[in-house]
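**Q** So the number in this note's numbering is just where the residue sits in the sequence shown, counting from 1, plus 35.
For every residue, glycine included, the Cβ atom is placed at its ideal position computed from N, Cα and C.
All of these numbers come straight from a predicted model, not from anything done at the bench.
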Amino acid sequence: MNSLDELLSFFSSNEKTLIIDKSLTSSINYLIPFSRLKQLTNISQVYWFDDKLNRIEGEIVFLIDSKLQNVEILENRLREIENNDIQIILTNEFFKTFQYQLELKGIYLEYLKWDFFINDEIIQNFYHLNKKLNLIEIYNGDSIINLSNIENLLQKFISKFPNYNPTQFYYQNSGNCIKFYQSFKSNQFNLKGLETSGLKTNLIILERNYNFPILIKDDNNSKFINIIQEYQSLEINKIEDFYFNDELFPKLKFMDFEQVCLYLNSEAKTLQSRYTELKNSKTSIDNNNNENNNTSNLNEIVVELNRLENFKKLLIKYTNLCEILIKNLGINDPYSQFNKYLSILQNPSQENLLELIKYDDIDINYIIRSLLITGLSDSIKSSLIDKYGINYLFKLQSLLNVKNCIPIKPYNSNINDIQDIKKILNSIRSNIPLDNFNIDRPNRLNIGKSKEKNILLMIGGITYNELNLIEDWKKENDIEIVIISDGIINHRSIL
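Following this line, the structure appears as structure tokens:
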């Protein structure tokens, strides 16, 4: 039984209320659109597990991560809803410990263990330590141990596939990448006895950074599209009225919004062109001896017109979604946060970015994202401190609460003076160039030559969107790439 079938088997046919852990929504949506899950399981209402609740009548199902910090939250929610008709579905990581902790508190309920696992063609060349990672946990942990685990994974992979024994190395000039490279090189003699093909294999060592999609897809449009998706949490699979189609959905579920729109437009144009071609080429059945052939053509037209109609329905929905998105972003308002932010990206300079910081209503995320995308994060630090240091102490203090400012060793104390501000700003990790590697155009590595192999090793986890971008990169450049990382992280974790 796969993860989806197992999840569906937990739900009864009765109408019920679902209380779900937000951290699991992306995982579920990669198995099945959430709207479809609601239909199949007769879910009438949905609440977030993290939100405070009121009394709820009827059958209730909790679907939550078994991390132990959720024990106290669950205890609070059970007290709030005042209901005994409850079922708890937990992920398998800490299932037994989680159940034991609740029973110590005198809470005895029906607990079901969900062995969540995604098995999809997009990750057939993806090797990882864990399926689900928390970015904070990665960098709060012992980085040496983490690196050792990833190195062991790489060693096992090479032992199984000796033709992938690296002959050329490219790595970021950052602490963990350098440590990994040095450790792997010192241990590589263990693999020398393996039979190899003599062909070149590139090992590209990267560390989690916040502009990785730009490294793969280096164009301004991708930058803006990714920003929109990040800040609006726009995921195709979360659209409630998604037009579910068994044939179409597997093609769309790993695409971002831009790719879906391009794909659907292209398909619609192709079908319309095909229809016109068949219509123009057909002749009257009465005047043509190839009656069967014409009948076949007409049947084909009917089938393809049905497909075209489905695509048109999808296009209408995505067009409506675009309109909603544009309205929410306030694109038509020249003074909206988004337009202020966009102007910085279109004309990046220290002066413009410093001007942006003056606005009290600007979300600190926009400021940080501007620092990272414009590449000004290093050059602007001194100017930012000199011009705004003490006066903007409160605003800079909020840097501590921004998830994409997590350093390797988190700086958790309060900001007291300018030196503390410098420490915080220096902890912002954006793109770090690779030795012997042009970060703007990865294909200049000349990788992708006939029968040449490549291993892309990402320290700090990778998102599904990034896996999809790599898949596109592989197809566009006819490159063979194997991806190795700590595991999957949610894209919202790196914002």
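Taking C-beta to C-beta, are K488 and N222 nearer than 8 Å?
**A** The residue labelled residue 488 in the question sits at position 453 within the sequence shown. The residue labelled residue 222 in the question sits at position 187 within the sequence shown. Result no, Cβ atoms of K488 and N222 do not sit closer than 8 Å.
**Q** Rounded to whole angstroms, what is the Cα-Cα separation between F130 and I99?
**A** Residue 130 sits at position 95 when you count from the first residue of the sequence shown. Residue 99 sits at position 64 when you count from the first residue of the sequence shown. Roughly 11 Å between the two C-alpha positions.
**Q** Quick one: Cα of G495 to Cα of I518, how far?
**A** If you number the sequence shown from 1, residue 495 lands on position 460. If you number the sequence shown from 1, residue 518 lands on position 483. Near 13 Å, if we compare the C-alpha coordinates of I518 and G495.
**Q** Cα separation between T202 and I239?
**A** Locating residue 202 in the sequence shown gives position 167, counting from the first residue. Locating residue 239 in the sequence shown gives position 204, counting from the first residue. For T202 and I239, the distance between alpha carbons rounds to 11 Å.
**Q** Who pairs with Q80 in a beta bridge, going by DSSP?
**A** To locate residue 80, count along the sequence shown from 1; it is residue 45. Note: Q80 sits in a beta bridge opposite T52.
**Q** Do you know offhand how far L113's Cα is from Q136's?
**A** If you number the sequence shown from 1, residue 113 lands on position 78. If you number the sequence shown from 1, residue 136 lands on position 101. Rounded to whole angstroms, the separation of the alpha carbons of Q136 and L113 is 15 Å.
**Q** Taking C-alpha atoms, which residue in F84, Q217 and D513 lies nearest to I123?
**A** Position 88 of the sequence shown, counted from the first residue, corresponds to residue 123. Out of F84, Q217 and D513, F84 has the C-alpha closest to the C-alpha of I123.
**Q** Helix, strand or coil: how does DSSP classify Y206 here?
**A** For the purposes of this step, residue 206 is identified with residue 171 of the sequence shown, where counting begins at 1. Shown here, Y206 sits in a strand according to DSSP, grouped into three states.
**Q** What does the Cβ neighbour count give for Q207, buried or exposed, with the cut at 16 atoms within 10 Å?
**A** The residue given as residue 207 occupies position 172 in the sequence shown. Answer is buried; the Cβ neighbour count reaches 16.
**Q** How big is the Cα-Cα spacing for D521 and L109?
**A** In the sequence shown, residue 521 corresponds to position 486, counting from 1. In the sequence shown, residue 109 corresponds to position 74, counting from 1. Answer to the nearest angstrom: the Cα atoms are 29 Å apart.
**Q** Run the proximity test for L98: is its beta-carbon closer than 7 Å to any non-hydrogen atom belonging to the ligand ZN?
**A** This structure simply doesn't include the ligand ZN, nor any ligand for that matter.
**Q** How big is the Cα-Cα spacing for I78 and D40?
**A** Here residue 78 refers to the residue found at position 43 when the sequence shown is read from its first residue. Here residue 40 refers to the residue found at position 5 when the sequence shown is read from its first residue. Taking the straight line joining both Cα atoms gives about 16 Å.
**Q** DSSP has E145 in a bridge; who is on the other side?
**A** Here residue 145 is taken as the residue at index 110 of the sequence shown, counted from 1. DSSP lists Q122 as partners of E145.
**Q** Near N118, what residues of its chain come up, given a Cβ to Cβ distance below 6 Å and the 5 sequence neighbours on each side ignored?
**A** The residue you call residue 118 lines up with position 83 of the sequence shown. Closer than 6 Å at the Cβ level, and outside the excluded window around N118, lie I91 and I95.
**Q** For L188, which residues in the same chain have their Cβ closer than 7 Å to its Cβ, ignoring the five residues on either side in sequence?
**A** As a position in the sequence shown, residue 188 is number 153, starting the count at 1. Excluding positions up to five away in sequence, the list reads Y162, L164 and I519.
**Q** Using only alpha-carbon positions, find the residue among I63, F133 and Q217 that is nearest to Q104.
**A** For the purposes of this step, residue 104 is identified with residue 69 of the sequence shown, where counting begins at 1. Taking only the C-alpha atoms, the option nearest Q104 is F133.
**Q** Does the beta-carbon of D2 have 16 or more other beta-carbons within 10 angstroms, so that it is buried, or is it exposed?
**A** Lying outside 36 to 530, the shown extent of the chain, residue 2 is not represented and no answer is given.
**Q** Going along the chain, which residues of its own chain have a beta-carbon closer than 6 Å to the beta-carbon of M493, five neighbours each way excluded?
**A** In the sequence shown, counting from the first residue as 1, residue 493 sits at position 458. Once the five neighbours on either side are set aside, the close Cβ partners of M493 are L241 and S520.
**Q** Near L182, what residues of its chain come up, given a Cβ to Cβ distance below 8 Å and the 5 sequence neighbours on each side ignored?
**A** Looking up residue 182 in the sequence shown gives position 147. Excluding positions up to five away in sequence, the list reads N211, K214, F215, S218 and I494.
**Q** Less than 7 Å between C-beta atoms, sequence neighbours within five positions excluded: which residues of the same chain meet that for L43?
**A** Locating residue 43 in the sequence shown gives position 8, counting from the first residue. Closer than 7 Å at the Cβ level, and outside the excluded window around L43, lie L75 and T76.
**Q** When we look at the beta-carbon of E506 and count the other beta-carbons within 10 Å, is it buried (16 or more) or exposed?
**A** Taking the sequence shown and counting its residues from 1, the one referred to as residue 506 is at position 471. Buried: at least 16 other Cβ atoms inside 10 Å.
**Q** The alpha helix (DSSP H) with T132 in it runs from where to where?
**A** The residue labelled residue 132 in the question sits at position 97 within the sequence shown. Per DSSP, T132 belongs to the alpha helix (DSSP H) from F130 to L139.
**Q** Got a sec? Which residues, its chain only, sit under 6 Å from D150 by beta carbon, not counting five neighbours each side?
**A** Here residue 150 is taken as the residue at index 115 of the sequence shown, counted from 1. So the list reads N127, once near-sequence residues are dropped.
**Q** Should L139 go down as buried or exposed, given a rule of 16 or more other Cβ atoms within 10 Å for buried?
**A** The residue you call residue 139 lines up with position 104 of the sequence shown. L139 should be labelled exposed.
**Q** Using the three-state DSSP reduction, which class does D40 fall into: helix, strand or coil?
**A** Counting from one through the sequence shown, the residue named residue 40 turns up at place 5. In the structure shown, D40 sits in a helix (DSSP, three-state: H, G or I).
**Q** Among the residues of its own chain, which have a CB less than 8 Å from the CB of L125, if the five just before and after it don't count?
**A** As a working note, residue 125 is residue 90 in the sequence shown. The residues are I99, D100, S101, F133, Q134, Y146, L147, K148 and W149.
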